[in-house]
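Q: Quick one: the structure is below, questions incoming.
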Amino acid sequence: MAGVRCYQAFLGGSFDPIHLGHLHALRAVKEARPGDNILLIPARLNPLKERAPHAGDAQRLEMVHRATVDWEWCGVSSVEIDRPGPSYTVDTVEHLLQKGVLAPSPGMIVGDDLLQELPRWHAFPRLLETVVLLVLQRDLQVQAVQRFCDSYPAARVVAIPGDPLRVSSTEIRRGLSERASRDSVAHLLPEAVYEFLCRHDSCY
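Residues in the sequence shown are numbered consecutively from 1, following the UniProt record's numbering.
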C-alpha cells in the first residue's frame, strides 16, 4: 500500500484481469468525492464463485499495481491474497479498520447490478453497519437502488451518478487465450496491463 496511508473508500474484486471498466468506476468515485483516497483489494477466492481466478494471485496483484501506478490517490492491498480461505469483505474491512488503513465508515464501491446479490454476502447485516455503499448508479436503475434502500433501511447509500462502463472479464480472457485475437480486446485494458499480459502467456 504505497503512497497514502489511510483510505476513505475501497474497491474489491477478482480483477481477473483489471480492466477499463474498473478504472472508469474509480474515476467516477474520485470525481464525486475528490477528497477520497481509494484502496483496491484483489480477492484471493470469491466465496460466491465456483472456481478460483484464472490468473495467479501474484499476477493479478501486479496488474492492479500497473493499472493504478500513476494515480497517487490509489493504493493496493494484498490483505485478502495473503490470507488463506475465502475472502469475506466484512472480515477484511474490520481488519483494515483496526490497522488504521481504512477510515471509519469507509465507502464500498459497488455497481447497481450488484445490489441484489449483496444480501447473500457473509455477515451482510454486520457489513451494512461498517461501510457506506457507494453505488455506481445508471439512470435507468434509480428505482432498483430505491428498492434496496427501502428493503434495508439501515444501509447507508450514496449514489455515484453516471453510467458505468460495462466490460466483460470473460470476454477479455477469451480474447487473450488465443494469440491471434489478442488485439481485439486491447482497447478494454489499461495499456500497461495489456503489455504485461502479452509478455505472460500463462495468465490466460
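Don't be surprised by glycine CBs; every beta carbon is placed ideally from N, CA and C.
Can you tell which of Lys30, Pro42, Asp36 has the C-alpha that lies nearest to the C-alpha of Gly13?
A: As a working note, residue 13 is residue 13 in the sequence shown. The shortest Cα separation from Gly13 among Lys30, Pro42, Asp36 belongs to Pro42.
Q: Taking buried to mean at least 16 other C-beta atoms within 10 Å of its own C-beta, is Ser181 buried or exposed?
A: Here residue 181 corresponds to residue number 181 of the sequence shown, with the count starting at 1. Exposed, by the Cβ-count rule.
Q: For Ala2, does the count of other Cβ atoms within 10 angstroms reach 16, so buried, or fall short, so exposed?
A: Here residue 2 is taken as the residue at index 2 of the sequence shown, counted from 1. Unreliable placement is indicated for Ala2, whose pLDDT of 46 sits below 50; no coordinate value is reported for it.
Q: Is the CB-CB distance between His22 and Cys203 below 9 Å?
A: By one-based count along the sequence shown, residue 22 stands at place 22. By one-based count along the sequence shown, residue 203 stands at place 203. No; because the gap between Cβ atoms is not below 9 Å, this pair is not in contact.
Q: Can you tell me where the beta strand (DSSP E) with Pro42 in it begins and where it stops?
A: Reading the sequence shown from its first residue, position 42 is the one you call residue 42. That run of the beta strand (DSSP E) goes 38 to 42.
Q: Within 8 Å, do at least three Cβ pairs link the segment 117 to 130 to the segment 73 to 81?
A: They do not touch, by the three-pair rule.
Q: So, with DSSP's three-state summary, where would you put Tyr204?
A: By 1-based counting over the sequence shown, the position of residue 204 is 204. Three-state DSSP puts Tyr204 in coil, outside helix and strand.
Q: In three-state DSSP terms, what is Leu136?
A: Walking along the sequence shown from the start, residue 136 turns up at place 136. It is a strand residue.
Q: Between the segment 32 to 40 and the segment 90 to 108, are three or more C-beta pairs nearer than 8 Å?
A: Short answer: they touch.
Q: I'd like to know if the segment 192 to 200 and the segment 61 to 70 are in contact, where contact means that at least 3 CB-CB pairs between them fall below 8 Å.
A: These segments touch.
Q: Which residues bound the alpha helix (DSSP H) around Val93?
A: Within the sequence shown, numbered from 1, the residue matching residue 93 stands at position 93. It spans 89 to 98 - the alpha helix (DSSP H) in which Val93 sits, taken as one unbroken run.
Q: Please state whether DSSP places Ala28 in a helix, a strand or coil.
A: Within the sequence shown, numbered from 1, the residue matching residue 28 stands at position 28. The answer is helix: DSSP assigns Ala28 an H, G or I state.
Q: So, with DSSP's three-state summary, where would you put Ile172?
A: Start at 1 with the first residue of the sequence shown, and residue 172 comes out as number 172. In the structure shown, Ile172 sits in a helix (DSSP, three-state: H, G or I).
Q: Cα separation between Leu118 and Phe124?
A: Residue numbering aside, residue 118 sits at position 118 when the sequence shown is read from its first letter. Residue numbering aside, residue 124 sits at position 124 when the sequence shown is read from its first letter. Going by the C-alpha atoms only, they are around 7 Å apart.
Q: Using only the alpha-carbon positions, how far apart do Glu191 and Trp73 sit?
A: In the sequence shown, the residue the question calls residue 191 occupies position 191. In the sequence shown, the residue the question calls residue 73 occupies position 73. Roughly 19 Å separates the two Cα atoms.
Q: Which whole-angstrom value is the C-beta distance of Leu20 and Val167, which I expect to be below 8 Å?
A: Taking the sequence shown and counting its residues from 1, one reaches residue 20 at position 20. Taking the sequence shown and counting its residues from 1, one reaches residue 167 at position 167. Going by Cβ atoms, the distance from Leu20 to Val167 rounds to 6 Å, so yes, they are a contact pair.
Q: What's the call for Gly100, buried or exposed, on a 16-neighbour Cβ count within 10 Å?
A: Position 100 of the sequence shown, counted from the first residue, corresponds to residue 100. Gly100 comes out exposed.
Q: Considering only their Cβ atoms, is the gap separating Gly162 from Leu134 smaller than 9 Å?
A: Here the question's residue 134 lines up with position 134 in the sequence shown. Here the question's residue 162 lines up with position 162 in the sequence shown. Taking 9 Å as the Cβ cut-off, Leu134 and Gly162 do not qualify as a contacting pair.
Q: Using the C-alpha atoms, what's the distance from Gly56 back to Leu96?
A: The count along the sequence shown starts at 1 and reaches residue 96 at position 96. The count along the sequence shown starts at 1 and reaches residue 56 at position 56. So the alpha carbons of these two residues sit roughly 23 Å apart.
Q: Considering Cα atoms alone, identify which of Glu171, Asp201, Ser177 is closest to Leu188.
A: In the sequence shown, residue 188 corresponds to position 188, counting from 1. Nearest C-alpha to Leu188: Glu171.
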